[in-house]
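Under the numbering used here, the residue at position 97 of the sequence shown is numbered 491, and the numbers go up by one with no gaps.
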Amino acid sequence: MKTEIIKINKYNTDTTIKKASDIIKSGGVVIFPTETVYGIGANALDEKSSEKIYKAKGRPSDNPLIVHIADIIDIYKISNGIDKRTKNIISTFWPGPLTIIVKKADIIPYRTTGGLNTVAVRCPYNNIVNRIIKKSGFPIAAPSANISGKPSITSEEFIVEEFNGKVDMIILDNDSSIGIESTVIDTTEKNITILRPGYITKSDIENVIKEEVHFDFNIVDKLSSPKSPGMKYKHYSPKCDLYIISENRTNDEIRAFLKRDLENNIHSVIIAKEKYNSEFDNFISLGTDDVAVAKNIFKVLRKLDKINVPKAYFIEISNSELAFSIMDRVKKAAAYKFV
Ligand code: TXA
Ligand code: MG
395 MKTEIIKINK YNTDTTIKKA SDIIKSGGVV IFPTETVYGI GANALDEKSS
445 EKIYKAKGRP SDNPLIVHIA DIIDIYKISN GIDKRTKNII STFWPGPLTI
495 IVKKADIIPY RTTGGLNTVA VRCPYNNIVN RIIKKSGFPI AAPSANISGK
545 PSITSEEFIV EEFNGKVDMI ILDNDSSIGI ESTVIDTTEK NITILRPGYI
595 TKSDIENVIK EEVHFDFNIV DKLSSPKSPG MKYKHYSPKC DLYIISENRT
645 NDEIRAFLKR DLENNIHSVI IAKEKYNSEF DNFISLGTDD VAVAKNIFKV
695 LRKLDKINVP KAYFIEISNS ELAFSIMDRV KKAAAYKFV
């Protein structure tokens, strides 16, 4: 398949958006930027289009897609309605990096929801994707644009090598402003439950609905017993051997890890916040604060592959809800290996 690749700028924005929506209207697949990570999108109402997304990503067919809408009001077209609490949440956080699970309307095919009676819906604020949805005239199903099991992509350098020849069009832009995927919440039960933590946090949502928001058992369980290893949980995986260093390790202890690796001829690297930069030689900086770390995390994980790092240590971050969301990804990437 020939892939049309366009770097968006202020001169070609209108024509690029028109081209992308024409492709999607005719059943094609387009990769576009969003505020969280790049998405790989197609007509959410058409089974054959959804099928193409699964194929391009190599994604298991029971893993449902997020349906993206351009206007908040469109939630009513693709769901069986929402309760007052959910309405409150979306009018606060949409457009933005929040996905809600609701009961699906009949027009959403089971192929898009991986066979479920519920559908994940997100109204993104990124202007490019928002305009593509509007111009297409229907919702767009879009998972993160990465081969299944690999880290999500937030910068143009990795998109082309991963998807050239697999989709009809790729739109490249500046790095994603948020950098981790949307927070996913289930609104179909008595309690609101976070299925995937993200930039919008538990307390952000609690402040709006004035009731407790829960974490999915899986998130908490794996956090409280991080030693549970296993390929079963491996996502976002770089090729290198990745470990998480507990934050309470001293710099001398960390240097001892590096020294021992070197004695075994393994040139390992440290990945950490900028404040550690002066402490270690083989160092990759994640930036100074948690917002920067969120923005950089997937780029750094992918960079490890690019420069063929055999082994890396990620110095744990904590003490904020955003850090918790970031560590959710890092733990999966490291297959829960702590040292
Ligand atoms: O930020 C984002 O959400 C990005 C951009 C492109 O919008 N998209 C994204 O999609 O991260 P994806 O497919 O990589 O992740 C969607 C997550 C998956 O874990 C999927 O299993 C879950 O949402 N999901 C989708 N529909 C669901 C449903 N009906 N019930 C439960 N989980 C669902
Ligand atoms: Mg994904």
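Here a beta-carbon is modelled for each residue, glycine too, at the ideal position from N, C-alpha and C.
Rounded to a whole number of angstroms, what is the C-alpha to C-alpha distance between residue i and residue j?
i: D500; j: A436; result: 18 Å
i: G624; j: M563; result: Here the model assigns G624 a pLDDT of 39, short of 50, so the residue's position is not dependable and the matter cannot be decided.
i: F692; j: I547; result: 6 Å
i: M395; j: A450; result: 11 Å
i: I466; j: S640; result: 41 Å
i: K626; j: N457; result: Per-residue confidence for K626 stands at a pLDDT of 44, beneath the threshold of 50, marking its modelled position as unreliable; the derived number appears in the next sentence. Distance between the alpha carbons of K626 and N457: 15 Å.
i: V816; j: N671; result: What the structure shows of the chain is the stretch from 395 to 733, and residue 816 is not part of that stretch, so it cannot be assessed.
i: I711; j: I648; result: 15 Å
i: K412; j: S530; result: 8 Å
i: K481; j: K544; result: 34 Å
i: I527; j: N658; result: 53 Å
i: D416; j: N690; result: 32 Å
i: G592; j: T507; result: 21 Å
i: N540; j: I399; result: 16 Å
i: K653; j: T410; result: 51 Å
For my contact list, residue i and residue j are in at a C-beta cut-off of 8 Å; report their separation, rounded to the angstrom.
i: I599; j: I613; result: Their Cβ separation, rounded to whole angstroms, is 15 Å, which puts I599 and I613 out of contact at 8 Å.
i: A414; j: V424; result: 5 Å
i: I463; j: I502; result: Wrong, their Cβ atoms sit about 11 Å apart, outside the cutoff.
i: S570; j: V431; result: 6 Å
i: E668; j: T595; result: The Cβ separation is near 23 Å, so there is no contact.
Have a look at the options and flag the residue whose alpha-carbon is nearest the alpha-carbon of residue i.
i: F651; options: I709, F611, V687 and G681; result: I709
i: V694; options: N601, K731 and S549; result: S549
i: L698; options: V733, Y637 and V685; result: Y637
i: W488; options: I469, I588 and I711; result: I469
i: I522; options: T480, G508 and L566; result: L566
i: R590; options: N524, S679, E605 and T493; result: T493
i: H629; options: H608, E583, K726 and I660; result: K726
Over what stretch of residues does the beta strand (DSSP E) that includes residue i continue unbroken?
i: T577; result: T577 to D580
i: K401; result: E398 to K401
i: N437; result: G433 to N437
i: F426; result: V424 to F426
i: Y637; result: D635 to I639
i: V513; result: T512 to R516
i: F677; result: F677 to S679
Considering just the uninterrupted stretch of the alpha helix (DSSP H) at residue i, what are its terminal residues?
i: D418; result: Before going further, note that residue 418 is Ile rather than Asp in the sequence given. T407 to K419 is the span of the alpha helix (DSSP H), which, as asked, contains I418.
At 3 residues or longer, what runs of the beta strand (DSSP E) sit wholly inside the region 694 to 725? 705 to 709
Suppose only complete runs of 3+ residues qualify. What are the beta strand (DSSP E) ranges in the region 455 to 510, listed by chain order? If we require 3 residues or more, the beta strand (DSSP E) runs fully inside the region 455 to 510 come out as 460 to 462 and 492 to 497.
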